[in-house]
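Numbering (the working numbering), first residue to last: -14 to 154.
Structure (structure tokens):
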């Protein structure tokens, strides 16, 4: 979303807090933006809607689709929680298959080779490994996962996933 250089207050409202930066190359706020987008996209996927409407921002449109299909009136928090639960369940499946932090890194070339083409703000740049690692820690924290990307017992309890089979293996 920050490709549009939205003002920080708008980003904070869209993604539920700060700090945020509208600078494309800044790492500030990116973990929060990714988590919110993943959770909202998970809800969108459950509804079978076009992926383009589920990413960032408030899920008002998605809440309306849920209402029209099911008759359920969801709050913003309820809608976000459904998406979070789905995304966490997907993560649990991947954890069960042996995936974890080691799989959440980009290929080495993103850190080592400047981007030769693409958007002007990315061209000639690399990803800073230390900043990415720090951002990954923040990403896990926002998701309620441990340092290896596994949902914590507290997160599983909050999302009512303690009896999910992936957790029991």
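For every residue, glycine included, the Cβ atom is placed at its ideal position computed from N, Cα and C.
What you are looking at is a predicted structure, and each value in this text was computed from that prediction instead of being measured.
By the Cβ neighbour-count rule, residue 132 is exposed, with fewer than 16 other Cβ atoms within 10 Å of its own. Within its own chain, the residues whose Cβ lies closer than 7 Å to the Cβ of residue 106, once the five positions on either side in sequence are excluded, are 9 and 10, listed in chain order. Secondary structure at residue 136: strand, using DSSP grouped into helix, strand and coil.
The Cβ neighbour count for residue 115, taken over all protein chains shown within 10 Å, is under 16; the residue is labelled exposed. Taking C-beta atoms under 8 Å as the contact rule, residue 89 and residue 121 qualify, at a distance of about 6 Å. For the 7 Å CB-CB criterion, residue 144 and residue 60 do not form a contact. The DSSP assignment places -7 to 0, 15 to 32 and 45 to 55 as complete runs of the alpha helix (DSSP H) inside the region -11 to 55, in order along the chain (cut-off: 4 residues). One thing to note: residue 0 has its Cβ within 7 Å of the Cβ of residue 21. Less than 7 Å divides the Cβ of residue -9 from the Cβ of residue 7. With fewer than 16 other CB atoms across the displayed protein chains lying within 10 angstroms of its CB, residue 49 is exposed. If you draw a straight line from the Cα of residue 15 to the Cα of residue 25, it is about 15 Å long.
For residue 149, no alpha helix (DSSP H) encloses it, and the DSSP letter there is neither H nor E.
Counting other Cβ atoms within 10 Å of its Cβ, residue 91 stays below 16 and is therefore classed as exposed.
Residue 4 and residue 17 have their alpha carbons spaced roughly 9 Å apart. When the Cα atoms are used, residue 102 and residue 95 turn out to be separated by approximately 13 Å. Secondary structure in the region 88 to 119: no beta strand (DSSP E) run of 3 residues or longer lies completely within the stretch. For a cut-off of 8 Å, the C-beta gap from residue 54 to residue 85 is around 35 Å, too long to register as a contact.
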